[in-house]
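Q:
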Amino acid sequence: MGKKGEVKLIGTWVSPFTLRTRIALNLKSIDYEFLEEKAGTKSDLLLESNPVHKKIPVLLHHDRPICESLIIVQYIDEVWSSGPSILPSDPYDRAVARFWAAYIDEKWFPALKTIRFTKVPEEIEKKLNEMREGLSLLEGAFVECSKGKSFFGGDQIGYVDIAFGGLLAWLRVREKNYSVSLLNATATPNLAGWAERLCAHPAVKDVMQDPDKLIEWVQINIDKLQQAPPAK
Amino acid sequence: MAKGEVKLLGSWPSPYVMRARIALNLKSVEYEFLEEKLGVKSELLLKSNPVHKKIPVLLHHSKPICESLVIVQYIDEVWSSGPAILPSDPYDRAVARFWASYVDEKFFPALRALPMAQGKEAMEAAMHPVKEGLALLEDAYANHSKGGPFFGGGQISYLDVAFGCFLGVIRVSEKVTGVALINEHTTPGLAGWAEEFCAHPAVEDVMPDTDKLTEFINRIIKMKSQSPN
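Here it is in structure tokens:
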């Protein structure tokens, strides 16, 4: 829907936040041009489009930039309103969805990101426990939001599916980094089933990263990376 | 609208609570204000917000809504016949959300660190990101207010509420540091905006008095220095 030139996305295949926006674009069947940033460099277009944060993803719609992954997802939902809804229609359900997306970004993701900053075993274990506790909360959130259906959004992929799903491959990377299993059928049965269904979804399967390829990418680019995972 | 339907858990100094109160006032929603005491979290708060245990919490028909900006959007959507808080155009909404997010993630953390800075060098270092942030917000005001006086144009809107709630803390910081952070020379747009915002009927009764807030913040700093946590 819409000529390809109208919609551009500046991002990378590696970035969990870029992934969120790609899932949203796919859900709405939007054609877009994917402008891939190279590791360790920031294009002029990126710096011009997001001068405040200088970070991906940036959506360009009729050349106007929209920044911040969840803001982009809401923008996509509101502009392409004839496609399947990403946010629930009921205001209370919307508030719950927004709450969990904010939780994921403000509380859960930082542990996933910053665990790589330490080599101290006690601190690593502390971060792993934070991630476990968070997953336990998200397991409960799934029950609350899904109301017995397949996704946080119900029958269809919705806002929290996108917010959390974007991080899934990097969660698997962390599990391999530390030889632990955090999201699985025993500890998080609901999330385990959800993760499988999400990754198989047509809007997700072609853009969801392969954790092994992410690990390979980190190794190749380790000197270009000042910090762990890529931008927001 | 029956008062019992809407309750707000909060406290008078909190800028985040102020966001919710301004939104309720904009929509003329009657509500019961359940004030939390400093240093004590009520049973109701712990039950209503088990994840963060923080104010504000809006209780609507006893169902809790947490996180100030989530609450503001909820109020906007439920009381949709009142004046709109979020802009109607999706691009304007994205811009408003972007700057609100900037205020929460970058600006306020820098502002909050100001009163803690000890000594001239530390104070100058702490001042720098605050001034940078205000310069960005001044630009945002110039670019998006469409003549103002508010970020939302003629009416108070989402970004006014998201940023304006910090004017109390800004005033306290100005008093403590002796530096006019918002002023007619470096931030003329924001200077005019701040006056209009604080005088707005939905704001004036919930914006704390600067002296009272200074005393409160000093108490907090003292409490924190006595029990490092």
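Residue numbers (my numbering), protein chains in the order written: chain A, 883 to 1114; chain B, 8 to 236.
Every residue, glycine too, gets a C-beta built ideally from N, C-alpha and C.
Model, not experiment: these values are computed from the prediction.
For a contact defined as C-beta to C-beta under 8 Å, what are the partners of residue 108(B) on chain A?
A: Within 8 Å Cβ-Cβ: 950, 953.
Q: Alpha carbon to alpha carbon, how far is residue 1084(A) from residue 1103(A)? Give it in angstroms, no decimals.
A: Whole-angstrom Cα-Cα distance: 30 Å.
Q: Under 7 Å, do residue 64(B) and residue 55(B) count as touching if we go by C-beta distance?
A: Contact flag set, yes.
Q: Tell me which residues share the same chain as residue 20(B) and place their Cβ nearer than 7 Å to its Cβ, disregarding the 5 neighbours each side in the sequence.
A: Cβ within range, chain order: 215, 220, 223.
Q: With the cut-off set at 7 Å, would you say residue 28(B) and residue 213(B) are in Cβ contact?
A: In contact: residue 28(B) and residue 213(B) (Cβ atoms closer than 7 Å).
Q: So, does the CB of residue 1012(A) fall closer than 7 Å to a CB anywhere in chain B?
A: Residue 1012(A) does not count as touching chain B.
Q: Determine the DSSP secondary structure at residue 1034(A), reduced to helix, strand or coil.
A: If DSSP states are grouped into helix, strand and coil, residue 1034(A) belongs with coil.
Q: Give the DSSP-derived three-state secondary structure of residue 205(B) in the structure shown.
A: Helix, per DSSP.
Q: Over the uninterrupted alpha helix (DSSP H) stretch that includes residue 177(B), give me the two end residues.
A: Run containing residue 177(B): 174-184, per the alpha helix (DSSP H) assignment.
Q: Going by beta carbon distance, what residues of the same chain come within less than 6 Å of residue 166(B), once the five residues before and after it are set aside?
A: So the qualifying residues of the chain are 103, 106, 107, 158.
Q: Since residue 127(B) is in the alpha helix (DSSP H), which residue starts that stretch and which ends it?
A: First-last of the alpha helix (DSSP H) with residue 127(B): 127-151.
Q: So, helix, strand or coil for residue 1003(A), using DSSP?
A: DSSP places residue 1003(A) in helix when its eight states are reduced to three.
Q: Chain A partners of residue 143(B), CB-CB under 8 Å?
A: Simply 934.
Q: Three Cβ pairs or more, each shorter than 8 Å: is that satisfied between the region 1046-1064 of chain A and the region 991-1003 of chain A?
A: They touch, by the three-pair rule.
Q: Three-state secondary structure (DSSP) at residue 76(B)?
A: Residue state, collapsed to three classes: helix.
Q: What's the C-alpha gap between residue 912(A) and residue 130(B)?
A: Using only the alpha carbons, I get a separation of about 49 Å.
Q: Could you check what DSSP says for residue 10(B) in three-state terms: helix, strand or coil?
A: Confidence is the limiting factor: at residue 10(B) the pLDDT is only 44, short of 50, which leaves the residue's position unreliable and the question unanswerable from this model.
Q: Just verifying my parser: in three-state terms, what is the DSSP assignment at residue 915(A)?
A: It is a strand residue.
Q: When you compare the CB positions of residue 955(A) and residue 947(A), do they come within less than 7 Å of one another, or not?
A: Cβ atoms of residue 955(A) and residue 947(A): not closer than 7 Å.
Q: Starting from the Cα of residue 1008(A), find the closest Cα among 1035(A), 1023(A), 992(A), 931(A) and give me that residue.
A: Per the Cα distances, 992(A).
Q: So what's residue 16(B) in DSSP terms, helix, strand or just coil?
A: Of the three classes helix, strand and coil, the one that applies to residue 16(B) here is strand, per DSSP.
Q: What residues from chain A crowd round residue 73(B), counting only those whose CB sits closer than 7 Å?
A: Going along chain A in sequence order, the residues near residue 73(B) (Cβ under 7 Å) are 981.
Q: Express the C-alpha separation of residue 937(A) and residue 950(A) in angstroms, rounding to a whole number.
A: Cα to Cα, residue 950(A) sits roughly 8 Å from residue 937(A).
Q: Pair every Cβ in the region 86-102 of chain B with every Cβ in the region 37-53 of chain B, then say whether three or more of these pairs are closer than 8 Å.
A: No contact exists between the region 86-102 of chain B and the region 37-53 of chain B.
Q: Alpha carbons only, please: which of 82(B), 175(B), 150(B) is nearest the one belonging to residue 118(B)?
A: It is 175(B) whose Cα lies nearest to the Cα of residue 118(B).
Q: With 16 other CB atoms within 10 Å as the buried threshold, where does residue 230(B) fall?
A: Under this definition residue 230(B) is an exposed residue.
Q: Using the beta-carbon of each residue, which ones in chain A are nearer than 7 Å to residue 97(B)?
A: Chain A residues near residue 97(B): 957, 960, 961.
Q: Mind reading off the beta-carbon distance from residue 909(A) to residue 966(A)? Whole number of angstroms is fine, and I expect it under 8 Å.
A: Yes, residue 909(A) and residue 966(A) are in contact; Cβ-Cβ is about 6 Å, under 8 Å.
Q: Can you name the residues that DSSP bridges to residue 946(A)?
A: Looking at the DSSP assignment, residue 946(A) forms a beta bridge with 943(A).
Q: Note down, in chain order, each residue of its chain lying with its Cβ closer than 7 Å to the Cβ of residue 921(A), except the 5 sequence neighbours on either side.
A: If we look at residue 921(A) and ignore the five residues flanking it on each side, its Cβ neighbours are 1103, 1106.
Q: In terms of alpha-carbon separation, which member of 151(B), 173(B), 168(B), 194(B) lies closest to residue 98(B)?
A: The shortest C-alpha separation from residue 98(B) is found at 151(B).
Q: Taking the straight line between their C-alpha atoms, what separation do you get for residue 1067(A) and residue 958(A)?
A: So the two alpha carbons sit approximately 33 Å from each other.
Q: Whose CA, out of 1019(A), 1091(A), 1023(A), lies closest to the CA of residue 1050(A)?
A: Out of 1019(A), 1091(A), 1023(A), 1091(A) has the C-alpha closest to the C-alpha of residue 1050(A).
Q: Using alpha carbons as the reference points, say which of 187(B), 111(B), 204(B) lies closest to residue 155(B).
A: Considering only alpha carbons, the answer is 204(B).
Q: How about residue 135(B): is its Cβ closer than 6 Å to a heavy atom in the ligand PLP?
A: Ligands are entirely absent from the displayed structure, and the ligand PLP is therefore not among its contents.
Q: Which word fits residue 147(B), buried or exposed, when buried means at least 16 other C-beta atoms lie within 10 angstroms of its C-beta?
A: Result: buried.
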